[in-house]
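Visitor: Numbering-wise, my numbering puts 324 at position 324 of the sequence shown, and it's gapless, one number per residue.
Quick reminder that beta carbons are idealized off the backbone N, C-alpha and C, glycines included.
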Amino acid sequence: MMLLSLSHNVCIVFIMTSERISDTIHKITLSDGRIITLVGTAHISQESVTEVSSIIDQVNPDHICIELDKGRFRTKDQESSWETMDLKKVLKEGKGFLLLANMVLASFQKRMSVQTGSAPGQEILGAAYIAQEKGIPFSFCDREIQVTLKRAWRKSSLWNKAKLLSTLLSSAFDKGELEAVDLEKLKEQDVLQGMLDELSKELPTIKEVLIDERDRYLASSIYSAPGKNIVAVIGAGHAQGLIENMGRLDNGEMAPSLDDISDVPPAGKAGKVAVWLIPLALVGLIVAGFINAGWNQGLTSFLYWALINGSFAGIGAIAALAHPLTILVTIVTAPVAALHPAIGVGMIAGIMELTMRHPRVKDFEQLNDDITSVRGWYRNRIFRALLVFLLSSVGSILGTFIAFPWLISKLV
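1. Which partner residues does N229 have in the DSSP bridge list?
2. Per the contact definition of three or more C-beta pairs closer than 8 Å, is the segment 301-321 in contact with the segment 332-348?
3. Which residues bound the beta strand (DSSP E) around E365?
4. Per DSSP, what kind of secondary structure is I64 in: helix, strand or coil?
5. Using DSSP with H/G/I as helix, E/B as strand and the rest coil, what is G71?
6. Using the three-state DSSP reduction, which class does G376 fall into: helix, strand or coil?
7. Apart from the five residues just before and just after G376, which ones in its own chain have a Cβ nearer than 6 Å to its Cβ?
8. Specify the secondary structure class of T24 as computed by DSSP and reduced to three states.
9. Name, in chain order, the residues that DSSP records as bridge partners for T41.
10. Have a look at E188 and T41 and give me their C-alpha separation to the nearest angstrom.
11. Tell me which residue opens and which closes the beta strand (DSSP E) that S139 is part of.
12. What are the boundary residues of the alpha helix (DSSP H) that includes P341?
13. Quick one: residues in its chain with C-beta nearer than 8 Å to the C-beta of K228, no 5 flanking neighbours on either side, listed in chain order?
14. Would the segment 213-221 count as touching the segment 135-151 if we require 3 or more Cβ pairs under 8 Å?
15. Under the rule that 16 or more other beta-carbon atoms within 10 Å means buried, what is G252, buried or exposed?
16. Buried or exposed for E51, going by 16 or more other Cβ atoms inside 10 Å?
17. What does E253 pair with, by DSSP beta-bridge criteria?
18. Check each candidate in A127, P204, G135 and name the one with the smallest Cα separation from S157.
19. Counting along the chain, where does the alpha helix (DSSP H) carrying G399 start and finish?
20. For M246 and T372, I'd like the C-alpha separation in whole angstroms.
21. Between the beta-carbon of V264 and the beta-carbon of V147, is there less than 7 Å?
22. Who does S18 pair with in a DSSP beta bridge?
23. Can you tell me whether V49 is buried or exposed? The criterion is at least 16 other CB atoms within 10 Å of its CB, across all chains shown.
24. Cα-Cα, which of S166, M356, D57, M103 is closest to R72?
25. Could you tell me the distance, in whole angstroms, from the CA atom of P324 to the CA atom of L98?
26. Report all residues from its chain with a CB closer than 6 Å to the CB of T29; omit the five preceding and five following residues, and keep chain order.
27. Relative to the alpha-carbon of D57, which residue among S31, A127, L328 has its alpha-carbon at the smallest distance?
28. Roughly how many angstroms lie between the CA atoms of M356 and A322, to the nearest whole one?
29. Just the Cα atoms here: how many angstroms apart are R360 and M254?
30. Going by DSSP, what residue range makes up the alpha helix (DSSP H) through A152?
31. Measure the beta-carbon distance from W406 to P341 and round it to whole angstroms, keeping in mind my assumption that it falls under 8 Å.
32. G96 to N292, Cα distance in whole Å?
33. Once DSSP output is grouped into helix, strand and coil, what is the label at K89?
See the structure below:
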């Protein structure tokens, strides 16, 4: 909001206005006279690609804001980025689940793009390429994807993490056909808002990070961008949230600072203690077996625990069609890895699978095709290593919870 004093008694108040040009285009006039044209896209619709190019030509902006971060732009712009990724390092750094989530999301977008004839995110890349061709300054206005995913993961309970992963996996391999007209309907505010409301009910913490925080981040980045005539290319789902947040920024209700949502929140003391509760409880039960029931019963309890945990982790590796040596290593190391949260049997199994079955040139070449089907995930050595990581981890967790009641019963 801007105040202009004309005399001692007269004062003109300028406020932000928003004009809906179409279902996907909004024209925002800020109190200082700057104009921001929001172009909402479906990310996987051919019409979105054409529309972005047309709007940039019509508006002739002096700055373009793009809903990407630098890391994702490099990944989309350089198709060979997978070839330079150290997958073993990713697993060692404990980023296996984040990588898996990225790949599942990519699988969903790829499947949709095959049906519409438009590469995922092509309209976003197109905006950057047009800006480069025309010499128009542009900026990436989104938060780093790793920060977003880590914040969502850190804020989720174990149950919500399981729900999120199952939802992602089911979406990735859903074979239902989606018509282009259905994709365009996703850009209608009422339909999309209904989807977000459902997401909010099912996974409120995920919705807070993926939608609310990103709306605020995008709004602040676009609002603070240089230029008097700006075009912002964004996902359709963010349009309403951006307009609302820009209104708060313009009238001073909200500060443009993003420090509180730009970093991954550190694990609280309770969280740090919680990850050690199960390992410590297991060790305590086994030690108690030795003390209270004698050496034989204690040894039996330990072997039972190792057998159950290792077997279930091994079953997970078998379900992923892991290499025989990977399966053996998984079974042997699972009981030990389960007692140390920083290791995880999935990390060991995934690295072992990559060691025994090095990704081939054709695995990298066929990533975009293999990512869209269950068969492709098993055929491609890169994706299979991720499956080994996931299924062996799930197996170990199941084995732990199955062994717990039996260990407790022996002490009662």
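Guide: In short, the structure shows the following:
1. Within the DSSP secondary-structure output, N229 pairs in a beta bridge with I35.
2. With the cut-off at 8 Å, the segment 332-348 and the segment 301-321 touch.
3. Segment 361-365 is the alpha helix (DSSP H) holding E365; no beta strand (DSSP E) there.
4. DSSP, read as helix, strand or coil, puts I64 in strand.
5. In the structure shown, G71 sits in a helix (DSSP, three-state: H, G or I).
6. In this structure, G376 counts as helix in the three-state DSSP scheme.
7. Contacts found: D370.
8. Three-state result, T24: coil.
9. Per the DSSP secondary-structure output, T41 pairs in a beta bridge with G235.
10. For E188, the predicted structure reports a pLDDT of 48, less than 50, and the residue's modelled location is therefore unreliable. The matter cannot be settled from this model.
11. Boundaries of the beta strand (DSSP E) harbouring S139: 138-140, taken from the DSSP string.
12. Counting along the chain, P341 falls outside any alpha helix (DSSP H), and DSSP gives it neither H nor E.
13. Short of 8 Å from the beta carbon of K228, and not among the five residues preceding or following it, lie these beta carbons of its own chain, in chain order: G33, R34, I35, D62.
14. Because the criterion of three Cβ pairs below 8 Å is met, the segment 213-221 and the segment 135-151 touch.
15. Burial call: exposed.
16. Burial is judged here by how many other beta carbons sit within 10 angstroms of a residue's own beta carbon; E51 has at least 16 and is buried.
17. None, per the DSSP bridge assignment.
18. Checking every option, the nearest Cα to that of S157 belongs to P204.
19. G399 -> alpha helix (DSSP H) spans 381-409.
20. If you take the alpha carbons of M246 and T372, they lie about 37 Å apart.
21. Taking a C-beta distance under 7 Å as the contact criterion, V264 and V147 qualify as a contact pair.
22. Residue pairing from DSSP places S18 in a beta bridge opposite I28.
23. Classification of V49: buried, given that the 10 Å Cβ count is 16 or more.
24. Ranked by Cα distance from R72, the options S166, M356, D57, M103 are led by M103.
25. Computed Cα separation, rounded: 26 Å.
26. Around T29: T17, I35.
27. Minimum Cα distance to D57 is reached at A127.
28. Spanning the two alpha carbons is a distance of roughly 9 Å.
29. Those two C-alpha atoms are separated by around 51 Å.
30. It spans 145-155 - the alpha helix (DSSP H) in which A152 sits, taken as one unbroken run.
31. Contact doesn't hold; Cβ gap of about 22 Å is too wide.
32. When rounded, the distance between both Cα atoms is 40 Å.
33. Looking at K89 - three-state DSSP - the assignment turns out to be helix.
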